[in-house]
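K.L.:
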Amino acid sequence: MSAVVAEHDDHHDHHDHGPAKGLLRWVITTNHKDIGTLYLVFALAMFFVGGAMAMVIRAELFEPGMQFVNPQFFNSMTTMHALVMVFGAVMPAFVGLANWMIPMMIGAPDMALPRMNNMSFWLLVAGVLLLASTLFMEGGAPAGGWTLYPPLILQTGKALPFAVFAVHLLGISSIMGAINIVATIFNMRAPGMTLMKMPMFVWTWLITGFLLISIMPVFAGSVTMLLTDKFFHTSFFDAAGGGDPVLYQHIFWFFGHPEVYVMILPTFGVASTIIPVFARKPLFGYSSMVYATASIAFLSFIVWAHHMFTVGMPIAGELYFMYATMLIAIPTGVKVFNWTATMWKGSMTFETPMLFSIAFVVLFTMGGFTGLMMSVAPVDFQYHDTYFIVAHFHYTLVPASVFILMAAGYFWLPKWTGHMYDEKIGKLHFWLSVISVNVLFFPQHFLGLAGMPRRIPDYAVQFADWNMISSIGGFIFGASQLLFLYIVIKTVKGGTGETVTDEVWEDASKHSLEWTLSSPPPYHSFTTPPTVIPTEHI
Amino acid sequence: MNEGVKQKNAKLVRILVFVVVGMFGFGYALVPLYDVLCEVTGLNGKVESSAVKEVHYEIDKSREITVEFMTALNEATPMVFRSEIKKLKVHPGEYYTVNFYAENKTDKVMVARAIPSISPGAVAEFFKKTECFCFSEQTFKALEGRTMPVRFVVSPEIPKEYKTITLAYTFFDNTETSVK
């Protein structure tokens, strides 16, 4: 496979110095910037699709009783919202950023395996379309939750095999993307760009790449077992044949826990990139950041059963997973303190990317703390499968990963397009988002502690008030994101008309190589390797 | 891209693809690993799936343990299934026989399998059965009802803190998978 890739790439390098003409350019492109753009546009589109599903959920939960959708469809919405957001929006958005930024940050002309890069994007599209098609099948889309637990998920109608194959495609796409990123980082760095001089975003993606390569095959295996249990009379999870449904939970979470770090580690990387630029200081504790990221990645493999404290594990198991989980707070705490110390006594300015990044540090820490609460096995029995956990993981995903993706958008859009975005509307977008996201998710802590289960379309009346407030927050948050769409389109079309310098942000070129290129950068990034390696971020 | 980088890329991709294949296999390897772990530790209430030889124990008259019997049917298994008694006070080391009754409610031959589970899981290794209908698949003629015994002993080595043991059976209709 690699030989073919290399050959095509050769051809590309020699005959093609600019983008091809017409729409076909986007189908056949092997250029890292084109593919990055495709990933980012696709992720943004899926963010709105997944968001629309969330709006259905919040509309139904606005009041007790059944209003708009039937319970089966409601459950499909919670399942599909999660799958679309995780596999269609957040992960592809970070792969898009990696495609755009990593070659520019390490001084490479392109990704290591451009042909495979194109293939992994189009497999992603195929996977998501296949997944979306299950919505229109007899028996509806999968409705057993994104974790796809048997035996419930095996009751899915015609959609089950399609959902499984969709997961296979998404997995292959992620693995190919990860292999490409790892190969790029290892083999394409400019002379002088040693591993410990790489920007944090590159580091976090290198580690994320290894996570993906290790866990996606396990997930593919577990859904394949579901498939053979349903159609080929195997009994991996079927008690009648000697299997055990709890086994699925173990295999799933062996994938699932590192998977949530796949979404958060690049988030950390972008935050570590943006905060120093606007604090006008080097990143505090660069090497401790690298080691903390690696520790978090390692620990993610040995804590999976904290997702299943209530399955009836022996006390020794509960204790082990409890203490191992608590350990993660240490490297994560190192990171939070480092970001804070980076800002300490910095000459800070509060442009939109910085605002989103500061909100990330504060709100991610809150999500981290609720995670620490749930790591305590005896009290987790109260939190398990309630809205408390919904609040927890949304705090770590929405005002963390999604906010940082927004920050990355604002931070690099001027570099990508050569136009400045509208700072006023950007700030409006930030303030609407940061207030509404808390109105949306904070009350869910109360609901969970009061005992409201997750994944239900109707609830007892004592939960009515906070659900209504949460839904109002949800609608405002959802609507606010249209501002982002508006800003992106406006910026691409010319923005404010201001001229954008090469480094865009004051002294940014001291932090990372991409700011030494023109805005917008040339089609092939560094055709000759850069001579000076910026070290301000270290 | 020069030749050296291309070769390095190809080599790295080969290694990483090997890791991917290995991890796919590891996912499957987790299945036997999980079973081995359950068996060794008696976690998850997994009980021996074959009969043990009847050996003589010193009966510990000073202790009394309540054994509860639960019966359940997997969804859509057309059977009647119950134990003749709901609970029994036992002395460790003494053998007891408890009868279970199962009936096929369909007018066709049915093959069913009872899956046992013991709670708390840690006592599984001390709960020994010399006879059980759960050791093999049971074939019922149309509308046949049958009384089936379970003979068991709680080993006297069971730690003192266990006062109650729950033995649960769930019947699964395996007719379709067994006929094939």
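Just so you know, the protein sequences line up as chains S and L, in that order.
Per our numbering, the very first residue in the first sequence carries number -17; after that it's consecutive.
Per our numbering, the very first residue in the second sequence carries number -8; after that it's consecutive.
Glycine residues also receive a C-beta, built at the ideal position from the N, C-alpha and C atoms.
Keep in mind the model is a prediction, meaning the values are calculated, not measured.
1. Whose CA, out of S:His232, S:Val77 and S:Trp326, lies closest to the CA of Ile267 (chain S)?
2. Which bits of chain S does Val22 (chain L) rub up against, with CB to CB less than 7 Å?
3. Could you tell me the distance, in whole angstroms, from the CA atom of Pro150 (chain L) to the CA atom of Pro83 (chain L)?
4. When the distance is taken between beta carbons, is Val107 (chain S) closer than 8 Å to Gly18 (chain L)?
5. With a threshold of 6 Å on Cβ separation, who are the neighbours of Gly225 (chain S) within its own chain once the five nearest residues in sequence on each side are excluded?
6. Going by the DSSP bridge assignment, what does Gly109 (chain S) pair with across the sheet?
7. Within its chain, find whatever has a CB closer than 6 Å to the CB of Val146 (chain S); leave out the 5 residues flanking it on each side and keep chain order.
8. What are the start and end residues of the beta strand (DSSP E) that includes Gln129 (chain L)?
9. For Ile451 (chain S) and Ile163 (chain S), I'd like the C-alpha separation in whole angstroms.
10. Using a Cβ cut-off of 8 Å, pull out every chain L residue sitting near Ala202 (chain S), in sequence order please.
11. What does the Cβ neighbour count give for His47 (chain L), buried or exposed, with the cut at 16 atoms within 10 Å?
12. Of all the residues that make up the region 81 to 98 of chain S, which are near chain L by a beta-carbon distance shorter than 7 Å?
13. Cβ of Ile149 (chain L) less than 8 Å from any chain S Cβ?
14. Please report the straight-line C-alpha distance between Leu158 (chain L) and Leu309 (chain S), rounded to a whole angstrom.
15. For the candidate residues S:Phe393, S:Val9, S:Gly191 and S:Thr368, whose alpha-carbon lies nearest to that of His427 (chain S)?
16. Looking at the structure shown, is Glu122 (chain L) part of a helix, part of a strand, or coil, going by DSSP?
17. Restricting to Cα atoms, I'd like to know which of S:Leu301, S:Val38 and S:Pro85 is closest to Phe50 (chain S).
18. Are the C-beta atoms of Pro240 (chain S) and some chain L residue less than 8 Å apart?
19. How far does the alpha helix (DSSP H) with Val259 (chain S) in it extend, from its first residue to its last?
20. Please compile the residues from chain L whose C-beta is within a distance smaller than 7 Å of the C-beta of Met101 (chain S).
21. For the 8 Å Cβ check, are there 3 or more pairs between the region 113 to 129 of chain S and the region 172 to 179 of chain S?
22. Under a CB-based cut-off of 8 Å, is Gly112 (chain L) close to chain S?
23. Check whether the Cβ of His(-4) (chain S) lies closer than 8 Å to any Cβ atom in chain L.
24. Identify each residue in the region 80 to 95 of chain L for which the Cβ-Cβ distance to at least one residue of chain S is less than 9 Å, and report them in chain order.
25. Given a cut-off of 8 Å, decide if Ser418 (chain S) and Ser462 (chain S) are closer than it, judged by their beta-carbon atoms.
26. Distance, Cα to Cα, Met73 (chain S) vs Met245 (chain S)?
27. Considering Phe183 (chain S), what are the terminal residues of the alpha helix (DSSP H) in which it resides?
28. With burial defined as no fewer than 16 other Cβ atoms inside 10 Å of the residue's Cβ, what is the status of Arg5 (chain L): buried or exposed?
29. Just tell me which of S:Ala274, S:Ala253 and S:Tyr273 has its CA closest to the CA of Pro264 (chain S).
30. Out of S:Leu6, S:Ile340, S:Met87 and S:Ala64, point me to the one whose CA is closest to Trp413 (chain S)'s CA.
31. Please say whether Thr378 (chain S) and Phe351 (chain S) have beta carbons closer to each other than 8 Å?
32. Run down chain L in chain order and give the residues with a C-beta less than 8 Å from the C-beta of Ser196 (chain S).
33. Quick one: residues in its chain with C-beta nearer than 6 Å to the C-beta of Thr473 (chain S), no 5 flanking neighbours on either side, listed in chain order?
34. On the CB-based measure, 16 or more other CB atoms within 10 Å of its CB, does Tyr230 (chain S) come out buried or exposed?
35. Within 8 Å of any Cβ in chain S, is that where the Cβ of Phe163 (chain L) sits?
36. Which residues, in order along the region 138 to 161 of chain S, keep a beta-carbon less than 7 Å from a beta-carbon of chain L?
P.N.:
Let me lay it out:
1. Rather than Ile, the amino acid found at residue 267 (chain S) in this sequence is Gly. Answer by Cα proximity: S:Trp326.
2. Phe218 and Leu229
3. 11 Å
4. no
5. Ser217, Phe218 and Phe219
6. According to DSSP, which records beta bridges pairwise, Gly109 (chain S) is partnered with nothing at all.
7. Val205 and Leu209
8. Residues Gln129 to Phe131.
9. So the two alpha carbons sit approximately 42 Å from each other.
10. Under the 8 Å cutoff, chain L gives Phe15 and Gly18.
11. So His47 (chain L) ends up on the exposed side.
12. Ala94 and Leu95
13. no
14. Taking the straight line joining both Cα atoms gives about 37 Å.
15. Checking every option, the nearest Cα to that of His427 (chain S) belongs to S:Thr368.
16. Of the three classes helix, strand and coil, the one that applies to Glu122 (chain L) here is strand, per DSSP.
17. With distances taken between CA atoms, Phe50 (chain S) lies nearest to S:Val38 out of S:Leu301, S:Val38 and S:Pro85.
18. No, Pro240 (chain S) lies away from the interface with chain L (no Cβ there is under 8 Å from its Cβ).
19. Pro227 to Ala261
20. Chain L residues near Met101 (chain S): none, gap ~13 Å exceeds 7 Å.
21. no
22. yes
23. Residue confidence for His(-4) (chain S) is low, a pLDDT of 45 falling below 50, so the modelled location carries little weight and cannot support an answer.
24. none
25. yes
26. Their backbone Cα atoms lie some 6 Å apart in a straight line.
27. Met182 to Phe213
28. exposed
29. S:Ala253
30. S:Ile340
31. no
32. Val10 and Met14
33. Leu395, Thr399, His401 and Tyr403
34. By the neighbour-count criterion, in which 16 or more other beta carbons inside 10 Å mark a residue as buried, Tyr230 (chain S) falls on the buried side.
35. In terms of beta-carbon proximity, Phe163 (chain L) lines the interface with chain S, with at least one pair separated by less than 8 Å.
36. Those would be Ile157 and Ile161, in chain order.
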